[in-house]
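Single-structure report; data block below.
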Amino acid sequence: MFEKFGEFDSCEEINRAAKAQLEEGDLEAIKTIAEENGLDLEDAEDFCTGAIEELTTPSLAAMGKLELEAKDLSLTGALRDWTNFIEQLCLEDEEMALAVRRKGKSLKDCMAMILKTAFNAKARLDDRITKAAGLTPPLYISIPGKAQIKEIVREYYLGEKK
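Sequence positions in the sequence shown follow the numbering used here and run 3 to 164.
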């Protein structure tokens, strides 16, 4: 994912790298930085022409990273919904956006924590529901709600534990 320029730790690092490339006149490198970080290529062009002063913001940098990771992991269904929820948290809370962008933090590991928590909380589903679904009992399931996911995400990215 971060083949040419490596993983940046913050939007400030991304912006510094982009400014350095701009000073060198290497506009293609700026586009590569944008692509490697899930940023809009139109923003890269606007940065190159001087229409905007910085290539990215904390929330855009976080969302770009999440989008790249989700694509790399081929997330669909509930896991894609969880990713969208994390993106929403980044838009609502700059501290979360900064934490998501940190080097070494990954959507894969966050999803693993959510999945592990769900697996450990599984409970037997009423046999009538299982049979109505055309499945054979017993069936065990646990699907975390938004409040629980938010708690796990905050614990993973921010180190907060309730």
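Even for Gly, the Cβ is constructed at its ideal location relative to N, Cα and C.
> Quick one: is N86 buried, meaning 16 or more other Cβ sit within 10 Å of its Cβ, or exposed?
Replying inline: As a working note, residue 86 is residue 84 in the sequence shown. N86 is exposed by the Cβ-count criterion.
> Secondary structure at A125, three-state DSSP: helix, strand or coil?
Replying inline: Reading the sequence shown from its first residue, position 123 is the one you call residue 125. Of the three classes helix, strand and coil, the one that applies to A125 here is strand, per DSSP.
> Considering only C-alpha positions, which residue in the set L41, E56, F4 and S108 is nearest to A22?
Replying inline: For the purposes of this step, residue 22 is taken as residue 20 along the sequence shown, with counting starting at 1. Nearest C-alpha to A22: E56.
> Does the Cβ of T58 have 16 or more other Cβ atoms within 10 Å, making it buried, or fewer, making it exposed?
Replying inline: Locating residue 58 in the sequence shown gives position 56, where the first residue counts as 1. Buried is the call here.
>> Here's the rule I'm using: 16 or more other beta-carbon atoms within 10 Å means buried, otherwise exposed. How should I116 be labelled?
In response: The residue you call residue 116 lines up with position 114 of the sequence shown. So I116 counts as buried.
> Run through DSSP, which three-state label would I88 get?
Replying inline: Mapped onto the sequence shown, residue 88 falls at position 86. I88 falls in the helix class under three-state DSSP.
>> Let's see if you can read the secondary structure: which residues bound the alpha helix (DSSP H) around G66?
In response: The residue labelled residue 66 in the question sits at position 64 within the sequence shown. Where G66 is concerned, the enclosing alpha helix (DSSP H) stretches over P60 to D74.
> Under a three-way DSSP split, which group does I54 fall into?
Replying inline: Translated into the one-based positions of the sequence shown, residue 54 becomes position 52. Residue state, collapsed to three classes: coil.
>> Here's a check: name, in chain order, each residue in its chain whose Cβ is nearer than 7 angstroms to the Cβ of A20, leaving out the five neighbours to either side.
In response: Here residue 20 refers to the residue found at position 18 when the sequence shown is read from its first residue. Cβ-Cβ distances below 7 angstroms link A20 to I32, I35, F49 and L57 in the same chain, with the five nearest sequence neighbours on each side left out; the list follows chain order.
> Between which two residues does the alpha helix (DSSP H) containing T34 stretch?
Replying inline: Locating residue 34 in the sequence shown gives position 32, counting from the first residue. Segment L29 to E38, the alpha helix (DSSP H) holding T34.
>> Starting from R104, trace the alpha helix (DSSP H) in both directions and tell me its first and last residue.
In response: For the purposes of this step, residue 104 is taken as residue 102 along the sequence shown, with counting starting at 1. That residue, R104, is in no alpha helix (DSSP H); it is neither H nor E in DSSP.
> Between the beta-carbon of S61 and the beta-carbon of E96, is there less than 8 angstroms?
Replying inline: Residue 61 sits at position 59 when you count from the first residue of the sequence shown. Residue 96 sits at position 94 when you count from the first residue of the sequence shown. Yes.
>> For A125 and L93, I'd like the C-alpha separation in whole angstroms.
In response: Here the question's residue 125 lines up with position 123 in the sequence shown. Here the question's residue 93 lines up with position 91 in the sequence shown. Looking at the two C-alpha atoms, the distance is approximately 34 angstroms.
>> Between the alpha carbons of K152 and G27, how many angstroms are there, rounded?
In response: By one-based count along the sequence shown, residue 152 stands at place 150. By one-based count along the sequence shown, residue 27 stands at place 25. Approximately 42 angstroms between the Cα atoms of the pair.
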